[in-house]
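Going by the working numbering, the sequence shown opens with residue 1, and the numbers climb by one from there. Every residue gets a Cβ at the ideal spot worked out from N, C-alpha and C, and that includes glycine. No experiment lies behind these values; they were computed from the predicted model shown. In what follows, a structure is listed as structure tokens, so that the remarks can point back to it.
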Amino acid sequence: NYPHQLISKIDIPLFFQQIKFVNSYAQYRERSSDTKKVGNIFFSNISGTVQNLTNMKDKLSTNSICRVEGTGLLLGVAKCNTKWSLYLNANDGKFDMTGKISTMNLSSLVVATKPLALTTLQGNLNQLTFDMKGDDYQANGDISMLYNNLKLESFSLDEDSKILKEKKLKSIINNTFVINDNPKNGNTRVATFSFERDIHKSFFNLIWKSIYDGVQKIILNKKVAELKKKLK
Numbered sequence: 001n002y003p004h005q006l007i008s009k010i011d012i013p014l015f016f017q018q019i020k021f022v023n024s025y026a027q028y029r030e031r032s033s034d035t036k037k038v039g040n041i042f043f044s045n046i047s048g049t050v051q052n053l054t055n056m057k058d059k060l061s062t063n064s065i066c067r068v069e070g071t072g073l074l075l076g077v078a079k080c081n082t083k084w085s086l087y088l089n090a091n092d093g094k095f096d097m098t099g100k101i102s103t104m105n106l107s108s109l110v111v112a113t114k115p116l117a118l119t120t121l122q123g124n125l126n127q128l129t130f131d132m133k134g135d136d137y138q139a140n141g142d143i144s145m146l147y148n149n150l151k152l153e154s155f156s157l158d159e160d161s162k163i164l165k166e167k168k169l170k171s172i173i174n175n176t177f178v179i180n181d182n183p184k185n186g187n188t189r190v191a192t193f194s195f196e197r198d199i200h201k202s203f204f205n206l207i208w209k210s211i212y213d214g215v216q217k218i219i220l221n222k223k224v225a226e227l228k229k230k231l232k
């Protein structure tokens, strides 16, 4: 169900040498199985190009890579850009992508992190970059996240009221393991990530969860991040 796989399933022959898009909008929504609440990530003011989008065998024999480049605003506030290479001939959904997100207040991510991860963030993101490779079953890569004054708040779902309430003790404990700044003491933390895909979920779900895995490794003590992943 990846974008480049869906193109191959269309019965009519298609070939677009280049598609340009301007002032576009994209949104990803996911309902948490734990909280039953919806997380929402959106990109606005998107401009970019798609090159070599085709399902025709003669075209694929000469060039089997669809390249996508785009810029936009994450949650309407943070400038971001991304480049994708989608391998149209691959049997396993192979793709490569890079991305960069610029300055934003981390509290803006509440629309996604609170319903999906029972966490909110405070602090300033200065830059996030990642380089990812993936297929139908997994994604892995490298990530860098520069930030300062980071703090976490943890929440739980009240079963009676269905309201998310802050767990103050858990917030205090979590923040003892959080690295508040990166770089810190002259050292810049980077991380590698590896995430196994839930094959019943979407292409963007894999991207989002892979980046989230890398972010946790950067902001948390290494041993705590690994423990949280195992417990999850």
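Only counting the same chain, and skipping five residues up and downstream in sequence, which positions put a Cβ closer than 6 Å to that of residue i?
i	result
S144	T129 and V190
Q214	Looking at the sequence itself, residue 214 is Gly, so the reference to Gln does not match. Hits under 6 Å: I143, A191 and F193.
G39	E30, A112, P115 and L116
L206	A139 and R197
K209	F195
F204	Y28
Taking the alpha carbon of residue i as the reference point, which residue from the options has its own alpha carbon closest?
i	options	result
A90	E69, H4 and F193	H4
T245	N45, Y25 and F155	Residue coverage of the chain in this structure runs from 1 to 232, which leaves residue 245 outside it and unanswerable.
K83	G99, L6 and K94	G99
I211	D142, F177 and E166	D142
V77	T103, L6 and S61	T103
Q239	L73, D158 and N174	This structure leaves residue 239 out entirely; the chain is present only between 1 and 232.
E69	T62, D96 and T54	D96
L6	T54, R67, V110 and F195	T54
To which residues of the same chain is residue i closer than 8 Å at the C-beta, ignoring the five residues directly before and after it?
i	result
L231	Model confidence at L231 stands at a pLDDT of 49, short of 50, so the residue's coordinates are unreliable; what they give is reported in the following sentence. Nothing meets the Cβ criterion.
I179	L150, R189, I218, I219, L220 and N221
L106	L121, Q122, G123, N124, L125, Y147 and L150
N65	A small fix is needed here, since residue 65 is Ile in this sequence, not Asn. Closer than 8 Å at the Cβ level, and outside the excluded window around I65, lie N52, S85, L86, Y87 and L88.
L164	T35, K37, K114, P115, L118, F155, S156, L157 and D158
I199	D136 and Y137
How many angstroms separate the CA atom of residue i from the CA atom of residue j?
i	j	result
Q18	V50	6 Å
K162	N124	30 Å
K151	I12	52 Å
D92	N1	11 Å
R197	D136	7 Å
F21	S47	5 Å
L75	F43	6 Å
F16	S8	13 Å
F177	L60	50 Å
C80	K94	23 Å
K57	L14	10 Å
L73	S33	28 Å
S202	S24	21 Å
G186	G134	32 Å
Just reading off the alpha helix (DSSP H) that residue i is part of, what are its end residues?
i	result
I143	That residue, I143, is in no alpha helix (DSSP H); its beta strand (DSSP E) goes Q138 to L157.
I199	Segment: none, I199 is in no alpha helix (DSSP H) and carries neither H nor E.
V22	Looking at the DSSP string, V22 is not in any alpha helix (DSSP H); the run it does join, the beta strand (DSSP E), is F15 to R31.
A117	V110 to A117
I7	P3 to S8
T62	K57 to T62
Per DSSP, residue i is paired with what?
i	result
M132	M97 and G141
S85	R67 and D96
N187	K184
L74	F43 and A78
T120	E153
N126	In DSSP, N126 forms no bridge with anything.
T192	D142
N105	N124
Tell me the residue span of the beta strand (DSSP E) that contains residue i.
i	result
F177	Segment: none, F177 is in no beta strand (DSSP E) and carries neither H nor E.
N45	V38 to T54
K209	Not the beta strand (DSSP E): K209 falls in the alpha helix (DSSP H), residues F203 to I219.
K162	No beta strand (DSSP E) holds K162; DSSP gives it neither H nor E.
Among residues of its own chain, excluding the 5 on either side of residue i, which ones have a beta-carbon nearer than 7 Å to its beta-carbon?
i	result
N182	M145, L146, Y147, T188, R189 and I218
Kindly indicate if chain B contains any beta-carbon less than 7 Å away from that of residue i.
i	result
V22	Here chain B cannot be found, since the structure has a single protein chain.
Is the beta carbon of residue i within less than 6 Å of some heavy atom of the ligand ADP?
i	result
D92	Annotation note on the ligand ADP: not contained in the displayed structure, which lists no ligands.
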